[in-house]
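As structure tokens, the structure follows; a few thoughts come after it.
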Ligand code: SF4
Ligand code: SF4
Ligand code: SF4
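Residue numbers (our numbering), protein chains in the order written: chain A, 6 to 533; chain B, 255 to 631.
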């Protein structure tokens, strides 16, 4: 997030899109609900489902799946045409305005309506509402990123925010809500193919030399490696021989699972390090038992970049070990000693070579976490990014055109499917399904559809439906719901027994490598 | 701050900001005015009357949680009039339900019959499930009163135990309304409200139905807000005794909000989870996963020993054997097929320190940048 969770209450207008906030970020959603219901903050929700947070909104816009660039360009079209943008900010802080203006020229409310299905008047009203804010905050989640145009979607939201002068101010910003507890930290620490910790590029000689010196190694590879979504096909074609997987269960969370499973089977050597024998671990040659969060010390970095303490409360079961100790054990056996007294010693090394974490010490974050960038131990941290300037100087307004999703409906597969999470389960369910109460409330997969769609397919609430796409088929219980809009069904992806990802499409965003999990074409039938 | 904004509490002068209540000024200045119904951040209701204070020249005692501080006001927080009134309120509350924390009837008068009745209602012979962790009990001790001056009232509504997370014990509810505020003003889930009137008052969900059939999302904000034993975590009820537990502060391991929470630990086991109040990012709030989703820690299915697959079946092996084997295989593949043939998936679930070590290992030892994590999914 460019801004903090606390600041949500300081926005005058909140725009939420592609985030089922009340279910996926429940406590953060309370900040939004409080602002809207108790402080009169205005809210626009743009989402294909009539989710709970939409019931709190002043306006709910319903776009067709995968048409986000179109409606965002539509808002900017109106804002520019009606001169509602922040001219001074655009002038002094950004570049590329003319190109942007040209790109959004054709996105008239009528044209946008024809693509997105959102009535033109609603596009105009939403544009005026967002542009009218002193501080407008945009919150988004996977509903924006899990598309082939995911990167475009994110850039478009940034365009919109910059156009209205909403980046770098209190209560504003473009705020991605991170789905998993430490996604932010995994990225910050260099759990990415192209960067070391603190986003220092592997192609940068100076960065490599710094690491080589501190790590006491030589010849660090200088080309970006493979993204996970490239590793799977490489495993399929046999050029990737071995995978070492830690704390992830791609055999439920990956798109086009049947393909992913074959790829994993194809590996010569698979190591899985986890707390349970997950679907993925069952395929492994070696399984290493690790500690869960309650059994170790360390830090997580949350969605607003706050580095916070994790503390050991109980002993691990059996011989389970901390993940870092396991890795150090293997490194030593491969001829490289990695010795740390404890996790705090690791953080000292991180701070030494990671400028944005330079001022993070366990002592400082004992009571309350600190937002990075925090370059030194006197620095209080940075709750709001880009206050006076962007990292590169001026912010770039990108001219972006709309491209349709990779798969659209046709006669054979006439319904859209979108996927997501539920409040009572989490990711692939490895943890939540071990909690009796959560399972009691959300025991099994379902396919959510509108009353009309159910009637058209002769399906009743609670009956079994078969859902098929070009890649696979599953059956699930029918759940008729007013959250669903005609023509689009929803399936949560948590459940291995009726894995929604047997149906989803693995088409990738060319830049981020994120698959289009949010759109695919399916057909529904009554299960035999 | 202007010179006029001065208030005198218990003989000392304090500054205040316009709009601050007497209670807020007092708390800020370390003067302890007791409360039961007051919930920080929510609108004061003055419902419980425990926070009454004496204000010079005012006709009656004033509820400090709603009364704004006034210039030149002279306030007594523990005058004999205040104390008498508080004692009476506490006595009435203690007698109004199954408050069997032994402060009642210390002289044995009607204790036996009372306890038998409670046992019948609660199906337990133990003392109240929140014994030692109850604001009403605290006050009973502080003001040395019990409930036996008044006849015990009959329990009007049966206990609700039909959901997997929260027990609603109306026999111990003092109708303070904190849960209603927590649900409506803090979490804004709008699941519960006051129902019925007078002595029949009851906190109701969805026109008096069980939580499970209402808009309740089991965030447990109401449980954390309840000052007494009326709302208690189901699995912790009668299992959890505060004094036997150690509190360990940590960060939630589910979503990216990163809520701060306490794991309450006894004998190497987590018994319950509560939110850490007064600190960012969550200020005490949690959701159902963070508060109730911790069974997995002690699940029988946890992996306990390293496993190596031999002829298609996993065999338990020692750490040395497992690590030797992995090191040997990875070295072999690296030598034969090159570093680029190995991929490492770090994790959005493990700590920063661990992710750092993982990528250092991939880059520095395996010599590959094929390191990523599954967070895009
Ligand atoms: S658990 Fe949460 S939603 Fe349910 S009644 Fe309590 S505060 Fe409201
Ligand atoms: S349930 Fe607890 S918080 Fe709610 S009114 Fe009763 S005593 Fe107060
Ligand atoms: S308690 Fe809920 S909202 Fe808070 S971090 Fe955990 S999962 Fe997220």
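All residues carry an ideal CB built from backbone N, CA and C; glycine is no exception.
Measure the Cβ-Cβ separation of residue i and residue j and say whether it is below 8 Å.
i, j, result
"residue 196 of chain A", "residue 623 of chain B", "no"
"residue 466 of chain A", "residue 441 of chain A", "no"
"residue 364 of chain A", "residue 379 of chain A", "yes"
"residue 74 of chain A", "residue 154 of chain A", "yes"
"residue 417 of chain B", "residue 465 of chain B", "yes"
"residue 598 of chain B", "residue 249 of chain A", "yes"
"residue 354 of chain A", "residue 219 of chain A", "yes"
"residue 175 of chain A", "residue 301 of chain A", "no"
"residue 180 of chain A", "residue 510 of chain B", "no"
"residue 407 of chain B", "residue 351 of chain B", "yes"
"residue 480 of chain B", "residue 446 of chain B", "no"
"residue 329 of chain A", "residue 607 of chain B", "yes"
"residue 31 of chain A", "residue 506 of chain B", "no"
"residue 507 of chain A", "residue 462 of chain A", "no"
"residue 434 of chain A", "residue 604 of chain B", "no"
Can you check which of these residues, the options, is closest to residue i by C-alpha distance?
i, options, result
"residue 573 of chain B", "B:565, B:583, B:584, B:561", "B:561"
"residue 274 of chain A", "A:252, A:247, A:261, A:253", "A:247"
"residue 166 of chain A", "A:481, A:8, A:453", "A:8"
"residue 583 of chain B", "A:19, A:339, A:301", "A:339"
"residue 316 of chain A", "A:119, A:461, A:223, A:372", "A:372"
"residue 286 of chain B", "B:263, B:270, B:269, B:298", "B:263"
"residue 421 of chain B", "B:543, B:280, B:576, B:483", "B:483"
"residue 522 of chain B", "B:538, B:507, B:501, B:578", "B:501"
"residue 355 of chain B", "B:617, B:388, B:535", "B:388"
"residue 551 of chain B", "A:287, A:291, A:323", "A:323"
"residue 419 of chain B", "B:302, B:617, B:412, B:489", "B:489"
"residue 141 of chain A", "A:20, A:158, A:63", "A:20"
Any heavy atom of ligand 1 closer than 7 Å to the Cβ of residue i?
i, result
"residue 446 of chain B", "yes"
"residue 37 of chain A", "no"
"residue 460 of chain B", "no"
"residue 536 of chain B", "no"
"residue 441 of chain B", "yes"
"residue 436 of chain B", "yes"
"residue 471 of chain B", "yes"
"residue 420 of chain B", "yes"
"residue 465 of chain B", "yes"
Less than 7 Å separating the Cβ of residue i from some heavy atom of ligand 2?
i, result
"residue 388 of chain B", "no"
"residue 381 of chain A", "no"
"residue 474 of chain B", "no"
"residue 428 of chain B", "yes"
"residue 433 of chain B", "yes"
"residue 344 of chain B", "no"
"residue 480 of chain B", "yes"
"residue 457 of chain B", "yes"
In terms of residues, what are the limits of the beta strand (DSSP E) holding residue i?
i, result
"residue 180 of chain A", "179 to 181"
"residue 292 of chain A", "291 to 294"
"residue 65 of chain A", "64 to 66"
"residue 218 of chain B", "With chain B represented from 255 up to 631, any question about residue 218 of chain B goes unanswered, as that position is not in the structure."
Let me check you understand the geometry: is the CB of residue i closer than 7 Å to at least one non-hydrogen atom of ligand 3?
i, result
"residue 57 of chain A", "no"
"residue 144 of chain A", "no"
"residue 483 of chain B", "no"
"residue 596 of chain A", "Residue 596 of chain A cannot be examined here, being either before or after the span of chain A that is shown, 6 to 533."
"residue 31 of chain A", "yes"
"residue 297 of chain A", "no"
"residue 428 of chain A", "no"
"residue 306 of chain B", "no"
"residue 425 of chain A", "no"
Please report the residue range of the alpha helix (DSSP H) in which residue i lies.
i, result
"residue 433 of chain B", "432 to 435"
"residue 380 of chain A", "First-last for residue 380 of chain A: undefined, no H or E at that position."
"residue 610 of chain B", "606 to 614"
"residue 454 of chain B", "Premise fails: residue 454 of chain B is in no alpha helix (DSSP H) and is neither H nor E."
"residue 314 of chain A", "Looking at the DSSP string, residue 314 of chain A is not in any alpha helix (DSSP H); the run it does join, the beta strand (DSSP E), is 311 to 315."
"residue 216 of chain A", "210 to 220"
"residue 157 of chain A", "155 to 168"
Worksheet item: In chain order, which alpha helix (DSSP H) runs of at least 4 residues are fully inside the segment 45 to 104 of chain A?
Response: 73 to 86, 92 to 98
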